[in-house]
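Engineer: First, the structure itself, so that you have it in front of you.
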Amino acid sequence: MRNWVFWDDGDHTPAFNMAADEMLMQWHREGRIGPVLRFYGWNPGGFSVGYFQKTKKRFNLEEIKKRGFELVRRPTGGQAVLHHQELTYSIIVQEDYPGIPSSVKEAYKVLSEGLLIGFDNLGIQADFAIPADSKPKGTANCFEEASWYEINVDGKKAAGSAQTRQKGILLQHGSIPIWLKQEDLLELFLYPSDRVKDRAYKSFSNKASSLQEFIPPQTTMEDIRAAFYDGFQKGLGVTFERLELDNEQLVAIEQLAKEKYQDHEFLYAR
Numbered sequence: 001m002r003n004w005v006f007w008d009d010g011d012h013t014p015a016f017n018m019a020a021d022e023m024l025m026q027w028h029r030e031g032r033i034g035p036v037l038r039f040y041g042w043n044p045g046g047f048s049v050g051y052f053q054k055t056k057k058r059f060n061l062e063e064i065k066k067r068g069f070e071l072v073r074r075p076t077g078g079q080a081v082l083h084h085q086e087l088t089y090s091i092i093v094q095e096d097y098p099g100i101p102s103s104v105k106e107a108y109k110v111l112s113e114g115l116l117i118g119f120d121n122l123g124i125q126a127d128f129a130i131p132a133d134s135k136p137k138g139t140a141n142c143f144e145e146a147s148w149y150e151i152n153v154d155g156k157k158a159a160g161s162a163q164t165r166q167k168g169i170l171l172q173h174g175s176i177p178i179w180l181k182q183e184d185l186l187e188l189f190l191y192p193s194d195r196v197k198d199r200a201y202k203s204f205s206n207k208a209s210s211l212q213e214f215i216p217p218q219t220t221m222e223d224i225r226a227a228f229y230d231g232f233q234k235g236l237g238v239t240f241e242r243l244e245l246d247n248e249q250l251v252a253i254e255q256l257a258k259e260k261y262q263d264h265e266f267l268y269a270r
């Protein structure tokens, strides 16, 4: 089996989390580290928007702050995601790594196989989403609709992922909600009318799900991490070695978080 590195670095600020993914891409490109699987969390909770999304026209920025969340722009595309009580993963690997398709859609399928196995390890029957309509509906909310090869449980989206490719390196990161409070998420968007907002509330529970709906109440965070660790190991056909970053590397992440991901212009320019 091929060796990757695994970094489970706990909870960090939204800016740190995005900076860490970017720095891991750089270090992998430079040959300083191997392909990476990363698990992490958010403290405080984050509201991440896709790289190309407009922040001022679609999101309730005042409500985001009021609820104690921090806004951050991802290096990946896609729609907005609330990161609160969840397990977040990242995969960083060379684009030309054996078995990685050049097609973005097919790469999702290969890299997300570990998610399916992880859900199965928790006793949850999940499957890949195959959208009936090839054209996205244009929603700003990631969990409003599933894209190709994202994860569904009982027809509802249970994990969302996004991908980018930069200078030969592929990053796919994604959110596995453990507990999802509908109000916390839906109140963070702007709606053209009360009617549209009411419709969003009524339909959301039929479109999105979280782990707590399917797992026994005694399931711990360690159980969840172990299930997906094993899932990715089997899905990718690799073994993991623990990654330990030194102080210089952690400082580099903090610096990028401050200079880029906390930068007002980067966050609000679109």
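Sequence positions in the sequence shown follow the UniProt record's numbering and run 1 to 270.
We put the CB at the ideal spot given by N, CA and C, even for glycine.
1) For Asn3, which residues does DSSP report across the bridge?
2) Would Val81 pass as a contact of Ser48 if the rule is Cβ separation under 8 Å?
3) Pairs of beta-carbons, one from the region 21-37 and one from the region 246-265, closer than 8 Å: are there three or more?
4) Near Leu267, what residues of its chain come up, given a Cβ to Cβ distance below 7 Å and the 5 sequence neighbours on each side ignored?
5) Tell me, please, which residues DSSP counts as bridged to Phe39.
6) Near Ile92, which residues of its chain fall below 6 Å by C-beta distance, leaving aside the five closest residues on each side in sequence?
7) Alpha carbon to alpha carbon, what distance is there between Tyr191 and Trp4?
8) Note down the Cα distance separating Asp230 from Tyr97, rounded to an integer number of angstroms.
9) Check this for me: beta carbons of Glu63 and Glu187, under 8 Å apart or not?
10) Kindly identify the DSSP beta-bridge partner or partners of Asn152.
11) Could you tell me which residues DSSP puts in a beta bridge with Gln255?
12) Please state whether DSSP places Gly46 in a helix, a strand or coil.
13) Any idea what DSSP makes of Lys137, helix, strand or coil?
14) Who are Thr164's beta bridge partners in DSSP?
15) Give me the Cβ distance between Thr76 and Gln163, rounded to the nearest whole Å; I'm assuming they're in contact under 8 Å.
16) How should Cys142 be labelled, buried or exposed, when 16 other C-beta atoms within 10 angstroms of its C-beta is the threshold for buried?
17) Between Asn121, Ile100, Gly99 and Ala159, which has its C-alpha nearest Phe128's C-alpha?
Structural biologist: The structure says:
1) Translated into the one-based positions of the sequence shown, residue 3 becomes position 3. Paired residues: Thr239.
2) In the sequence shown, the residue the question calls residue 81 occupies position 81. In the sequence shown, the residue the question calls residue 48 occupies position 48. Yes, the Cβ-Cβ distance between Val81 and Ser48 is below 8 Å.
3) yes
4) Position 267 of the sequence shown holds residue 267. Around Leu267: Thr55, Leu71 and Arg73.
5) Position 39 of the sequence shown, counted from the start, is the residue given in the question as residue 39. Asp8 and Tyr89, per the DSSP bridge assignment.
6) One-based indexing of the sequence shown puts residue 92 at position 92. Correct list, in chain order: Leu24, Met25, His28, Val36 and Leu171.
7) The residue given as residue 4 occupies position 4 in the sequence shown. The residue given as residue 191 occupies position 191 in the sequence shown. Cα-Cα distance, rounded: 44 Å.
8) Position 230 of the sequence shown, counting from 1, holds the residue named residue 230. Position 97 of the sequence shown, counting from 1, holds the residue named residue 97. Cα to Cα, Asp230 sits roughly 21 Å from Tyr97.
9) For this step, residue 63 is matched to residue 63 along the sequence shown. For this step, residue 187 is matched to residue 187 along the sequence shown. For Glu63 and Glu187, yes; Cβs fall inside 8 Å.
10) On the sequence shown, residue 152 is found 152 positions in, with the first residue counted as 1. Answer is Asp127 and Lys157.
11) Position 255 of the sequence shown, counting from 1, holds the residue named residue 255. DSSP lists no partner for Gln255.
12) On the sequence shown, position 46 is the one that residue 46 refers to. In the structure shown, Gly46 sits in a strand (DSSP, three-state: E or B).
13) Taking the sequence shown and counting its residues from 1, the one referred to as residue 137 is at position 137. Its pLDDT being 49, under 50, Lys137 is placed unreliably by the model, and the measurement read from it follows with that caveat. Three-state DSSP puts Lys137 in coil, outside helix and strand.
14) Against the sequence shown, residue 164 aligns to sequence position 164. The partner list for Thr164 (beta bridge, DSSP) reads Leu171.
15) Along the sequence shown, one-based indexing puts residue 76 at 76. Along the sequence shown, one-based indexing puts residue 163 at 163. Yes, they are in contact, since the Cβ atoms of Thr76 and Gln163 sit about 6 Å apart, within 8 Å.
16) Position 142 of the sequence shown, counted from the first residue, corresponds to residue 142. Bear in mind that a pLDDT of 45 at Cys142, under 50, signals an unreliable position, so the model cannot answer this.
17) Counting from 1 along the sequence shown, the entry for residue 128 is found at position 128. When each option's Cα is compared against that of Phe128, the closest is Ala159.
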